[in-house]
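Novice: A single structure is presented below for examination.
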Amino acid sequence: MRFYRKEPQATAKKTDSSIFLSFANNLTITIFTMEQNEKPLFTSVNDIGEFGLIKRLTRHFSDTQESTVLGIGDDAAILSHPDSEILVSTDMMVEGIHFDLAYTPLKHLGYKAVTTNLSDIYAMNGLPKQITVSIAVSSKFSVEALEELYSGIETACQFYDVDLVGGDTTTSRIGMIISVTAIGAVQKGKAVLRSGAKVDDLICVTGDLGASYLGLQILEREKAVWKENQNMQPKLDNYAYLAERFLKPEASKFLIELFEKAQIVPSAMLDVSDGLSSELMHICAQSDVGAFIYEDNIPINEQTYNVAVNEFKISPTTCALNGGEDYELLFTLPKDQFQKIDGQGNFKVIGNIQNKKEGIKLYTPGGEAFDITAQGWNHFE
Ligand code: ADP
Ligand code: MG
2 MRFYRKEPQA TAKKTDSSIF LSFANNLTIT IFTMEQNEKP LFTSVNDIGE FGLIKRLTRH
62 FSDTQESTVL GIGDDAAILS HPDSEILVST DMMVEGIHFD LAYTPLKHLG YKAVTTNLSD
122 IYAMNGLPKQ ITVSIAVSSK FSVEALEELY SGIETACQFY DVDLVGGDTT TSRIGMIISV
182 TAIGAVQKGK AVLRSGAKVD DLICVTGDLG ASYLGLQILE REKAVWKENQ NMQPKLDNYA
242 YLAERFLKPE ASKFLIELFE KAQIVPSAML DVSDGLSSEL MHICAQSDVG AFIYEDNIPI
302 NEQTYNVAVN EFKISPTTCA LNGGEDYELL FTLPKDQFQK IDGQGNFKVI GNIQNKKEGI
362 KLYTPGGEAF DITAQGWNHF E
C-alpha cells in the first residue's frame, strides 16, 4: 500500500453532509454515473444503530461462489476450498493518507478498496473468491454515504465474481478507515511467488504504466484550484483516462485466466502498486537475479505521455518507474512459455532477467544504461 502524504491532512470538522458537496460529486467522467441528489439525505448511523447499518449495507449482496458455505450473519463465515491452497491478503486505507474525499467519490473508493486487494490475489496466480470489509467511520458519514461506498464494493464483487462474507463496523473520531481482506484459491503447486525468476526469462507487464500517478497529480492540482474558488468546477474531460486509472483501478483478471487456458505458470509475478522500479527490485532481490528493461518497450498510454511531457514537464518513463497504483501485473517467464500466450491479451515484453552481477538497468533507445535504484530513477537528474 502506497502512502501519498507524509502528514495526514487536516480533517474537516463539519459533521453535516456538506463534506460531500466537494467537486467529487461533479466527477462524471468514469463509468459510474454519480447519481445526484440535490439535497442529499442524511440519515445518521445512530438513528439505525450498528446492526441496522450492517443490514442496510449488505442487503443487496448475495453469495454466488460454491466455496461460500456460510456468509454474513453469524460469528464467522464458513468457506470450503477442498482441493486448493488458500490465498489471503489485506490492505487498509485511511482517509487523509490513502484517499482524499474532496475528489474521491465514495462509490469509487469502495470499488478501489476491493480491486486493489483482488489484484494481490491475481498476483499470486490465484482467483479471488471472497472478501471481508471492515470500516471505521465518524459521524460525518451518513448512512446514505456509506451505502454509496457499498455500492462500489458491490459493483466490484459482481464484476470480479467474489462474495462479501463478513467484516466489522465501528466508529472513528475523525474520518474513515476501510480495510478489505481478500481470500482466493490456487491449485496446489501453482501459486507464483516473487522469488522464481530465472536468468534469460522474459519480463512482461500488462496494460500501461504511469497513468494513475498522473491522475493523482491532476486531481491534486484541480483541488488546489477548487479550494481557491469553490464556484469553479474542475474540467477533467481531457484527463479522463488518468483520473479513472487513479480513482477506479481494475485488476488484471484476464491474465490469470489466460495462464490457466494456456496451461502455463509464470516463474515470478507481482502487482505494480509502488511503481515499476520498486517492483522490479523486489523480483530481483527475492529471485537473486539482475534485470535489463528497455525504455522503448515500457507501455505508456498516449494521454499519460502528453500530460507528462506537456503539462508536468516530466518524463513518462519516470511516471512509470516511480509512480504507482497502476495495479498491472509484472511477471517473468521462459521464452518458450511466452510463445503460448503471445498476442492473446494486453501485455508486453519489457526486458529480460540477467545474472545478478549485471545489476538492474534501464536501457534508453540510444543504448545508454541507467541503474535502477530504490530511490527510483529520474530522467532529469
Ligand atoms: P460480531 O459481534 O461477532 O463481531 P458483528 O455484529 O460485528 O458480529 O457482525 C455481524 C455479521 O455482519 C458478521 O457476519 C460480520 O462478519 C458481518 N459484518 C459486520 N460488519 C460488516 C461490514 N462492514 N461489512 C460486511 N459485513 C459485516
Ligand atoms: Mg464485529
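Heads up, the sequence shown is in the working numbering, so the first residue is 2 and it goes up one at a time.
The beta carbon of each residue, even a glycine, is placed where N, CA and C say it ideally should be.
(1) Excluding sequence positions up to five away, which residues of its chain have a Cβ less than 7 angstroms from the Cβ of Thr374?
(2) Let's see if you can read the secondary structure: which residues bound the alpha helix (DSSP H) around Gln287?
(3) For Glu36, which residues of its own chain have a beta-carbon under 6 angstroms away from its beta-carbon, when the five flanking residues on both sides are left out?
(4) Suppose you measure from the CA of Thr91 to the CA of Ser180; what does that come to, to the nearest Å?
(5) Beta-carbon separation of Pro129 and Ile122 under 7 angstroms?
(6) According to the neighbour-count rule (16 or more other Cβ atoms, all chains shown, within 10 Å of its Cβ), is Glu148 buried or exposed?
(7) Less than 6 angstroms separating the Cβ of Ile55 from some heavy atom of the ligand ADP?
(8) Considering only residues of the same chain and omitting the five flanking positions on each side of Gly197, which have a CB-CB separation below 7 angstroms?
(9) Could you tell me the alpha carbon to alpha carbon distance between Thr305 and Leu277, rounded to whole angstroms?
(10) Taking 6 angstroms as the cut-off, does the CB of Val134 come closer than this to any heavy atom belonging to the ligand ADP?
(11) Assess, as a yes-or-no matter, whether the region 320 to 338 is touched by the region 221 to 230 under the definition of 3 or more beta carbon pairs within less than 8 angstroms.
(12) Given Met384, which residues of its chain have a CB within under 6 angstroms of its CB, disregarding the five upstream and five downstream residues?
(13) Excluding the five sequence neighbours on either side, which residues of its own chain have a C-beta within less than 7 angstroms of the C-beta of Val187, listed in chain order?
(14) Using the Cα positions of Asp76 and Met177, report the straight-line distance between them to the nearest angstrom.
(15) Could you tell me if the beta carbon of Asp169 falls within a distance shorter than 6 angstroms of some heavy atom in the ligand MG?
(16) Look up Lys349 in the DSSP assignment and say whether it is helix, strand or coil.
(17) So Gln159 is in the alpha helix (DSSP H); what residue range does that whole segment cover?
(18) For the beta strand (DSSP E) that contains Gly168, what are its first and last residues?
(19) Out of Val226, Gly346 and Ile132, which has the shortest C-alpha to C-alpha gap to Val206?
(20) Below 8 angstroms on the Cβ atoms is my guess for Leu119 versus Tyr151; work out the distance and round it to an integer in Å.
Specialist: In terms of the structure at hand:
(1) none
(2) Leu277 to Ser288
(3) Caution applies to Glu36, whose pLDDT of 47 falls short of 50 and renders its modelled position unreliable; the model cannot decide the point.
(4) 7 angstroms
(5) yes
(6) buried
(7) yes
(8) Ser268, Ala269 and Ser288
(9) 15 angstroms
(10) Yes; taking the cut-off as 6 angstroms, the Cβ of Val134 has a heavy atom of the ligand ADP nearer than that.
(11) no
(12) There is no way to answer for residue 384, as the model of the chain reaches only from 2 to 382.
(13) Ser85, Glu86, Leu88, Met125, Asn126 and Gly127
(14) 24 angstroms
(15) Yes, the beta carbon of Asp169 sits closer than 6 angstroms to at least one heavy atom of the ligand MG.
(16) strand
(17) Counting along the chain, the alpha helix (DSSP H) containing Gln159 begins and ends at Val144 to Tyr161.
(18) Asp164 to Thr172
(19) Gly346
(20) So it is not a contact: roughly 17 angstroms between Cβ atoms.
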